[in-house]
Amino acid sequence: MWIDVAFEATLQSPFTIKKKRNEQFPETLGYIPGSTLRGMFASAWIRRYGLGDDFYRLFTQGQQRYPFLYPGSWQSSPYPLTTVSCKRHGGPNKHGVEDLLCYYAAGKEEELGKRFQCNHTLSAKTGSNAKPAGCGEDRKPFAGYVYAYQKSQEMPPRVSYRSRMGVGLDATTGSTAGGILYGRSAVDDVWRNEAAGANETSLLKKQPAVFAGVGRVEERYLEKLQELCKTPMFLGSERSRGFGQVRMTLQKQQRPALEARLAQFQKSQGDGAFAILLRTPTILLDRYLRNHLDLQVAVGEIVELNDPYQHVKSVHLATWNVVHRIHKDDEWGLSAGSVLYAKSPLPRKDLLSKLQELEAQGIGERREEGFGQIIVCAPIHLPLVV
Numbered sequence: 048m049w050i051d052v053a054f055e056a057t058l059q060s061p062f063t064i065k066k067k068r069n070e071q072f073p074e075t076l077g078y079i080p081g082s083t084l085r086g087m088f089a090s091a092w093i094r095r096y097g098l099g100d101d102f103y104r105l106f107t108q109g110q111q112r113y114p115f116l117y118p119g120s121w122q123s124s125p126y127p128l129t130t131v132s133c134k135r136h137g138g139p140n141k142h143g144v145e146d147l148l149c150y151y152a153a154g155k156e157e158e159l160g161k162r163f164q165c166n167h168t169l170s171a172k173t174g175s176n177a178k179p180a181g182c183g184e185d186r187k188p189f190a191g192y193v194y195a196y197q198k199s200q201e202m203p204p205r206v207s208y209r210s211r212m213g214v215g216l217d218a219t220t221g222s223t224a225g226g227i228l229y230g231r232s233a234v235d236d237v238w239r240n241e242a243a244g245a246n247e248t249s250l251l252k253k254q255p256a257v258f259a260g261v262g263r264v265e266e267r268y269l270e271k272l273q274e275l276c277k278t279p280m281f282l283g284s285e286r287s288r289g290f291g292q293v294r295m296t297l298q299k300q301q302r303p304a305l306e307a308r309l310a311q312f313q314k315s316q317g318d319g320a321f322a323i324l325l326r327t328p329t330i331l332l333d334r335y336l337r338n339h340l341d342l343q344v345a346v347g348e349i350v351e352l353n354d355p356y357q358h359v360k361s362v363h364l365a366t367w368n369v370v371h372r373i374h375k376d377d378e379w380g381l382s383a384g385s386v387l388y389a390k391s392p393l394p395r396k397d398l399l400s401k402l403q404e405l406e407a408q409g410i411g412e413r414r415e416e417g418f419g420q421i422i423v424c425a426p427i428h429l430p431l432v433v
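Sequential numbering from 48 applies to the sequence shown in the working numbering.
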């Protein structure tokens, strides 16, 4: 029996997962990819249980789903690419954010143009008779993370980074070697509580950094995976220097029912309407096994579509095989946050069934590594300011 499981990683030390290879000053990803999570559990499994049929079923046959872990909770997801916010006072706790997907899909150019100007009401100065005025600044695309299954002002904690520089050592003299300088960046193991104030630096105002996501595993393996979480676990690079230690917790998790989200979305957008948000990067292949970036083609193979609109961005994906210590083939895929809006002629019951399967299984290649995870009819899409 397959069950949804929430994977939660609490950082015990900073971690670094390189964005690109062979850079003098490599940047780190601000999240934990599913391939890294799977590799960490696979290494821990070998140390504790050794190789065997269970190992191959859990980690090599593509049966399980190891999710991407984003900051905050398992509900965290990158904002849709169609999200905008005030360029001067951006963010849900300032002048608000809004997803313009529905306006793009409807082709309402005049209304869409108005949405690119911030209309947040500014308070009048104390003692002034002037009426409160609108902000009037331009709105620009807004990136970050949102709790995708709810529509609220709450925002996941912001990831904080640290950088370190180093110099090469001369093997002969044991002192600094000339002309060798390198650096590294890492995700900090704590993040500051934004409510603490911009100038507050007390550790009491900091929180342990937590990254989470929801995957799918066979229920019979859950207890053994939970046992692994009691052992020291490390991920990313620079592990021999103490980077990447995490404390993992796994528990059953039921996602919010799609039926209610679909009904709410169609109440606003009409019968047959739905939207798909890519929570993680997605790798799509055509019939000749070439990468392509057409989301509506991939979804259209499963659900009949009318008048689709997609807003997508490409991303270069470079991953590492920790067992063989070589890099995997580079891939081009769709960036997390890419979105699709469409209407389907299918009856609601049939449409709901297909979308539930799509959300549970994901789309594209390498889904066992967390790629291709989607959220259907996320509340952020509805045309209301958050």
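All C-beta atoms, glycine included, are put in the ideal place defined by N, C-alpha and C.
Assigned secondary structure, residue 248 (DSSP; H/G/I helix, E/B strand, else coil): At residue 248 the pLDDT is 47, less than 50, meaning the model places this residue with poor confidence and gives no usable figure here.
DSSP three-state assignment for residue 422, whether helix, strand or coil: Strand.
C-alpha gap between residue 299 and residue 425, whole angstroms: Taking the straight line joining both Cα atoms gives about 22 Å.
Burial state of residue 225 (16 or more Cβ within 10 Å): It is exposed - the Cβ of residue 225 has fewer than 16 other Cβ atoms within 10 Å.
The region 391-398 contacting the region 410-417, beta-carbon criterion three pairs below 8 Å: With the cut-off at 8 Å, the region 391-398 and the region 410-417 do not touch.
Residue 81 versus 405, 282, 403, residue with shortest Cα-Cα distance: If we check each option's Cα against that of residue 81, 282 comes out closest.
Host alpha helix (DSSP H) of residue 346 (start-end): Going by DSSP, residue 346 is part of the alpha helix (DSSP H) stretching over 342-347.
For residue 356, the residue or residues it bridges with in DSSP: DSSP, once it has assigned bridges, lists 388 as partnering residue 356.
Residue from 328, 406, 227, 107 whose Cα sits closest to the Cα of residue 309: Nearest option by C-alpha distance: 406.
Check whether residue 421 and residue 325 have beta carbons under 7 Å apart: In this structure, residue 421 lies near residue 325, with their beta-carbon atoms less than 7 Å apart.
Residue 312 vs residue 118 beta-carbon contact at 7 Å: If you check the CB distance, residue 312 and residue 118 do not come in under 7 Å.
Where the alpha helix (DSSP H) through residue 87 begins and ends: Unbroken alpha helix (DSSP H) run through residue 87: 81-96.
Spatial distance of residue 332 from residue 322 (CA atoms): Our two residues, residue 332 and residue 322, have alpha carbons roughly 22 Å apart in a direct line.
DSSP-derived helix/strand/coil call for residue 242: Confidence at residue 242 is low in this model, with a pLDDT of 46, below 50, so the placement of that residue should be treated as unreliable; the coordinate-derived value is given next. In this structure, residue 242 counts as helix in the three-state DSSP scheme.
Same chain, Cβ closer than 6 Å to residue 130, five either side skipped, listed in chain order: Cβ within range, chain order: 144, 146, 189.
Three-state secondary structure (DSSP) of residue 182: Here residue 182 sits in coil by DSSP.
Cβ pair count under 8 Å reaching 3, the region 349-364 against the region 284-293: Of all C-beta pairs linking the region 349-364 to the region 284-293, fewer than three are shorter than 8 Å, placing the two stretches out of contact.
C-beta atoms of residue 209 and residue 112 nearer than 7 Å: For residue 209 and residue 112, no; Cβs fall outside 7 Å.
Contact belief for residue 275 with residue 88 at Cβ below 8 Å, rounded distance in angstroms: About 6 Å; that satisfies the 8 Å criterion.
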